[in-house]
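Remarks on the structure that follows.
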Amino acid sequence: MQQQVNILTDTLGRKHNYLRISLTEKCNLRCTYCMPSEGVQLSPRQHLMNADEIYNIAKVFVANGVDKIRLTGGEPLVRKDFSEILKRLSTLNTTLSITTNGILVDRFIDDFKTYGLNNINVSLDTLNEEKFNHITRRDQFTKAYNNIHLLIENGFKVKLNIVLIKGFNDNEITDFIKLTKDLLISIRFIEFMPFDGNNWNKSKLVTQHEILEQTTHYFGANQLIKLQNEQNFTSRDYKIIGYKGEFGIISSVSNPFCDGCNRIRLTANGKIKNCLFSNNETDILTALRNQESIENYIAKAIYKKLPVRGGMDSFESFNDPKKHSKNRSMITIGG
């Protein structure tokens, strides 16, 4: 392996300062694009990271340059020791954030405030209760929706993540954007991505072009403001003139942003995924338990990162199920 300046810098010079830690493979919803209808084979409990291991691994990443940690799942808030994990991670010199379905956040408002977790992404794919029940296979819309407003009222920086699926919720794009008129909130439309068991195909994809076309048709092109992209952006952001909030598009399929990727994922069973789309994983939990240095394993994982989407370097490659059917289901990766 070639000498690297830093273990979190890959061969293309991309510096990975953003760690996404999945705390659990379990979830209190069963979203169709995330989990196969038959469910998933969960890792045995002894194969999952405990609170000490999560903290010790995170500490190594922070020592090597990570300054942002996002807690994911499954649903991270179903983990019984979530508050203890958050407390310990808050002692590290890093910004903390979370992705959640929102159903349990009312129980953790005080913990979020105490431990400085201010950035909260909530997954909500529809504003229609019947559709919500269909896609999540659970009757929890009112709880989730009320908790989103509770977060906003308490001053948290809230983003709504909407996975768009053609023929299901693509007719709600403007309804979501209209929420930003009076709410200080960021709406993020996410292109439907292929994972094991979610029956992805091109016909279900709502592209960035289609989203913008629908938006400008409804609001008028002269009412749409293109915002400056953040460094290492995933979302291309926009705003309607006079609206409090904004919206963005995460176009992983039709218009990827791999050249500026700074993210690395750690699964609940202690495996590094250097790309959301990659089938390759590096086990660092076993190394930690064997009292080995995990830095070499991290370096190797980063070094092997491919330029674009785990090797799916063209739009057409998504049509080949062999390219993504061996990847985990989203619920066992961490969002």
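So for the sequence shown, the numbering used here puts the first residue at 396; every next one is plus one.
Think of the CB as a built atom: it goes at the ideal place given N, C-alpha and C, for glycine as much as any other residue.
Keep in mind the model is a prediction, meaning the values are calculated, not measured.
Minimum C-alpha distance to residue i - residue among the options
| i | options | result |
| --- | --- | --- |
| Leu-487 | Thr-662, Lys-454 and Ile-480 | Lys-454 |
| Ser-646 | Asn-624, Thr-602, Gln-609 and Ile-697 | Thr-602 |
| Ile-471 | Ile-547, Ile-515, Val-553 and Tyr-613 | Here residue 471 turns out to be Pro, not Ile, going by the sequence shown. Pro-471 has its Cα closest to that of Ile-515, out of Ile-547, Ile-515, Val-553 and Tyr-613. |
| Leu-491 | Leu-499, Tyr-450 and Leu-519 | Tyr-450 |
| Leu-361 | Phe-672, Ser-688, Leu-680 and Lys-621 | Residue numbering for the chain in the displayed model covers 396 to 730; residue 361 lies beyond these limits and cannot be assessed. |
| Phe-477 | Asn-459, Asp-462 and Asp-447 | Asp-447 |
| Ile-498 | Asp-462, Gly-460 and Leu-546 | Leu-546 |
| Asp-534 | Glu-525, Asn-541 and Asn-542 | Glu-525 |
| Asp-462 | Thr-489, Val-648, Arg-483 and Ile-452 | Thr-489 |
Coil, strand or helix - residue i by DSSP
| i | result |
| --- | --- |
| Val-817 | With the chain running from 396 to 730 in the structure shown, residue 817 is simply not present. |
| Met-725 | A caution first: Met-725 carries a pLDDT of 48, below 50, which makes its placement in the model too unreliable to give a value. |
| Arg-736 | Nothing can be reported for residue 736, as the shown portion of the chain is limited to 396 through 730. |
| Gly-643 | strand |
| Leu-466 | strand |
| Phe-568 | The sequence shown places Ile at residue 568, not Phe. Helix at Ile-568. |
| Lys-573 | helix |
| Glu-608 | helix |
Residue environment, residue i, which counts as buried when at least 16 other CB atoms sit within 10 Å
| i | result |
| --- | --- |
| Ser-407 | The question names Ser, but residue 407 in the sequence shown is Leu. Result: exposed. |
| Arg-631 | buried |
| Gly-468 | buried |
| Gly-562 | exposed |
| Asn-412 | buried |
| Glu-641 | buried |
| Gly-637 | exposed |
| Asp-654 | exposed |
| Glu-586 | buried |
| Thr-521 | buried |
According to DSSP, residues forming a beta bridge with residue i
| i | result |
| --- | --- |
| Lys-634 | Ile-620 |
| Asn-514 | Ser-492 and Lys-552 |
| Thr-404 | Lys-410 |
| Phe-584 | Ile-557 and Ile-644 |
(message) Extract the residue ranges of the beta strand (DSSP E) inside the stretch 478-504, only unbroken runs of 3 or more that lie entirely within it.
(response) Complete beta strand (DSSP E) runs here, min 3: 490-495.
(request) Note down, one range per segment and in chain order, each alpha helix (DSSP H) of at least 4 residues found wholly within the stretch 639-699. (result) 680-684 and 690-698
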